[in-house]
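> Mind having a look at this structure? Questions to follow.
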Amino acid sequence: MLLEKFAPMRETLAALAAGGAMPFGARVDRIDSATEGVVEGHPVILAGTNNYLGLSCDPRCIEAAREAAARWGTGTTGSRLANGTFAEHLALERELAAFYGVPHAIVFTTGYAATQGMCATLAGPGDVILLDADSHASIYAGSQLSGAEILRFKHNDPDDLARRLRRLGDRARRALVVVEGIYSMQGDIAPLAEIAAVKREYGAVLLVDEAHSLGVLGERGRGAAEAAGVEEEVDFIAGTFSKSLGAIGGYCVSRHEVLEAIRYCIRPYIFTASAAPSVIASVRAALRILESEPELRRRLWENAERLYGGLRELGLPVGPQVSPVVAVTLGEDRAAALDAWRALLARGVYVNLVVPPASPTPASLLRCSVSAAHTPEQIDRIIAAFSEVVGGRG
Ligand code: PMP
2 MLLEKFAPMR ETLAALAAGG AMPFGARVDR IDSATEGVVE GHPVILAGTN
52 NYLGLSCDPR CIEAAREAAA RWGTGTTGSR LANGTFAEHL ALERELAAFY
102 GVPHAIVFTT GYAATQGMCA TLAGPGDVIL LDADSHASIY AGSQLSGAEI
152 LRFKHNDPDD LARRLRRLGD RARRALVVVE GIYSMQGDIA PLAEIAAVKR
202 EYGAVLLVDE AHSLGVLGER GRGAAEAAGV EEEVDFIAGT FSKSLGAIGG
252 YCVSRHEVLE AIRYCIRPYI FTASAAPSVI ASVRAALRIL ESEPELRRRL
302 WENAERLYGG LRELGLPVGP QVSPVVAVTL GEDRAAALDA WRALLARGVY
352 VNLVVPPASP TPASLLRCSV SAAHTPEQID RIIAAFSEVV GGRG
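Numbering (this note's numbering), first residue to last: 2 to 395.
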């Protein structure tokens with residue numbers, strides 16, 4: 002009885018497996034570089050990886066990981082509070098704080114733990130969390146765990162946020178506003194200048210998840226808050242090491258000293274093992290590259306503009322603005338979307354198939370993520386494959 006509810010999922014999975022290449026959890030057989038590999042038996046251009054700066058395969062990051070594994074072993078075997086903090090974790094926290102120009106930073110084992118943990122801990126019963134309606138699952142999960150009242154405001158709509166804060170009256174001062182820098186599905190950017198102004202007017206606290214914008218936006222690559230010139234107004238910035246830094250892990254930085262007390266209250270920090278020193282060492286190397294090679298960001302945007310422009314010229318419905326996440330919206334026919342994803346794979350292009358509820362609307366998406374490591378020729382091959390597969394009928 003307990004397990005009956007999984008019957009529809011089992012049937013869906015069986016049908017997917019019978020139909021050919023598996024779109025969810027596609028099997029990566031080989032990685033040749035940041036942009037090429039073999040997926041489900043097909044040699045492909047990798048365009049569904051979030052490897053924005055191409056650093057997952059950078060020899061300097063790989064060497065840093067190798068050296069750290071030799072020095073510290075393969076894992077920490079426990080949490081930082083219970084079992085000890087390694088010098089690597091402390092060094093990365095210092096370097097992240099310096100990168101953002103703030104005094105405080107916490108390193109988490111995953112990006113999910115960072116946003117979920119911060120949302121669940123910053124607000125509690127009696128408080129209010131205002132979420133952008135298109136927020137990532139980790140933000141929803143943390144908000145639900147917090148025990149705070151959850152209010153959703155319209156995606157990227159500062160006026161709707163202001164309306165809801167106004168209705169809260171004095172309670173607005175106990176409100177946490179959570180938004181993302183770049184939204185992971187459509188690649189659109191939060192209007193942070195307006196959102197920060199609203200937060201200031203109502204005395205709320207603002208957390209920005211820069212998961213997809215670290216290394217992508219801002220003069221120094223610090224993200225959407227830097228690009229909008231409102232870092233002073235953002236109380237907490239969270240993010241991940243799994244995208245532009247090419248590894249795994251998460252972080253939260255803040256100018257507020259209270260972050261050091263909060264650290265001792267975050268369950269996904271206290272009760273989970275800390276990241277392996279090899280992972281932390283590769284992140285440190287990647288952060289140095291992110292800081293010292295702004296040309297990576299320039300190449301990333303050239304590639305993003307080439308892909309976005311090329312797909313739009315084909316008449317395909319791409320997102321509202323250029324960014325390294327370029328998604329083509331298909332119809333609501335999931336079987337057709339699956340066919341299109343498989344046809345792209347067969348033509349040597351690996352992208353992400355996104356279906357509801359992961360997509361923000363009832364439509365499915367073919368979501369590409371661009372990398373600084375893509376060559377213009379690879380971008381053109383991606384466009385050509387889209388032209389053959391969905392050209393004119395997106
Ligand atoms: N926040 C956002 C906005 C994300 O898109 C993701 C990952 N897709 C996460 C948090 C979680 O990060 P990670 O996968 O590194 O745990």
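Just so you know, even glycine gets a beta-carbon here, dropped at the ideal spot from N, CA and C.
Would you check whether ligand 1 has a heavy atom nearer than 7 Å to the C-beta of Ala328?
Reading the sequence shown from its first residue, position 327 is the one you call residue 328. Because no heavy atom of ligand 1 lies under 7 Å away, the Cβ of Ala328 does not count as near it: no.
> In whole angstroms, what separates the C-alpha of Pro363 from that of Gln187?
Indexing the sequence shown from 1 puts residue 363 at position 362. Indexing the sequence shown from 1 puts residue 187 at position 186. Taking the straight line joining both Cα atoms gives about 14 Å.
> For a test of the three-state rule: what should DSSP assign to Thr398, helix, strand or coil?
Here the chain covers residues 2 to 395 and nothing more, so residue 398 does not appear.
> Measuring CB atoms only, is the segment 138-146 touching the segment 83-102, in the sense that at least three cross pairs come out at less than 8 Å?
no
> Put Tyr101 into one of helix, strand or coil per three-state DSSP.
Walking along the sequence shown from the start, residue 101 turns up at place 100. Of the three classes helix, strand and coil, the one that applies to Tyr101 here is helix, per DSSP.
> Counting along the chain, where does the alpha helix (DSSP H) carrying Phe154 start and finish?
In the sequence shown, residue 154 corresponds to position 153, counting from 1. Careful: Phe154 lies outside any alpha helix (DSSP H), inside the beta strand (DSSP E) at 150-154.
> Determine the direct distance from the alpha carbon of Thr77 to that of Ala248, and round the result to whole angstroms.
Here the question's residue 248 lines up with position 247 in the sequence shown. Here the question's residue 77 lines up with position 76 in the sequence shown. Using only the alpha carbons, I get a separation of about 17 Å.
> Tell me which residue opens and which closes the alpha helix (DSSP H) that Ile63 is part of.
Against the sequence shown, residue 63 aligns to sequence position 62. Run containing Ile63: 60-73, per the alpha helix (DSSP H) assignment.
> What I want to know is whether the C-beta of Thr122 ends up closer than 7 Å to one or more non-hydrogen atoms of ligand 1.
Counting from one through the sequence shown, the residue named residue 122 turns up at place 121. No, the beta carbon of Thr122 sits no closer than 7 Å to any heavy atom of ligand 1.
> Please return the same chain residues whose Cβ sits closer than 8 Å to the Cβ of Phe25, not counting the five positions on each side in sequence.
Along the sequence shown, read from residue 1 onward, the residue named residue 25 stands at position 24. Result list for Phe25: Leu17, Leu354, in chain order.
> Thinking C-alpha only, which one of Ala88, Val391, Ala386, Pro361 is nearest Asp133?
By one-based count along the sequence shown, residue 133 stands at place 132. Out of Ala88, Val391, Ala386, Pro361, Pro361 has the C-alpha closest to the C-alpha of Asp133.
> If you draw a straight line from the C-alpha of Ala115 to the C-alpha of Gly148, how long is it?
Sequence index remark: in the sequence shown, residue 115 carries index 114 (1-based). Sequence index remark: in the sequence shown, residue 148 carries index 147 (1-based). For the pair Ala115 and Gly148, the Cα-to-Cα distance works out to about 18 Å.
> Could you tell me if the beta carbon of Asp210 falls within a distance shorter than 7 Å of some heavy atom in ligand 1?
Here the question's residue 210 lines up with position 209 in the sequence shown. Within the cutoff, so yes.
> Which partner residues does Arg31 have in the DSSP bridge list?
Working through the sequence shown from its first residue, we reach residue 31 at position 30. Per DSSP, Val39.
> On the criterion of 16 or more Cβ atoms from any shown chain inside 10 Å, does Val400 qualify as buried, or is it exposed?
Nothing can be reported for residue 400, as the shown portion of the chain is limited to 2 through 395.
> Determine the closest residue to Ile238 out of Ser245, Lys244, Glu227, with distance taken between C-alpha atoms.
Taking the sequence shown and counting its residues from 1, one reaches residue 238 at position 237. The residue with the shortest Cα to Cα distance from Ile238 is Glu227.
> Just curious, the beta strand (DSSP E) that Arg368 is in, first and last residue?
The residue labelled residue 368 in the question sits at position 367 within the sequence shown. Start and end: 366-370.
> With a threshold of 6 Å on Cβ separation, who are the neighbours of Ala27 within its own chain once the five nearest residues in sequence on each side are excluded?
Counted from its first residue, the sequence shown places residue 27 at position 26. Hits under 6 Å: Val40, Glu41.
> So, for Tyr265: in the same chain, excluding its five sequence neighbours on each side, which residues have a beta-carbon less than 8 Å away from its beta-carbon?
Walking along the sequence shown from the start, residue 265 turns up at place 264. Excluding sequence neighbours, Tyr265 sits near Leu82, Ile271.
> Answer yes or no: the CB of Ser34 versus the heavy atoms of ligand 1, is any distance below 7 Å?
Within the sequence shown, residue 34 is the residue found at index 33, counting from 1. No, Cβ of Ser34 sits at least 7 Å from all heavy atoms of ligand 1.
> According to DSSP, is Ser57 helix, strand or coil?
Walking along the sequence shown from the start, residue 57 turns up at place 56. DSSP places Ser57 in helix when its eight states are reduced to three.
> Please state whether DSSP places Leu246 in a helix, a strand or coil.
Sequence index remark: in the sequence shown, residue 246 carries index 245 (1-based). Coil, per DSSP.
> Quick one: grab the DSSP three-state call for Glu333.
Taking the first residue of the sequence shown as position 1, residue 333 is located at position 332. Residue state, collapsed to three classes: coil.
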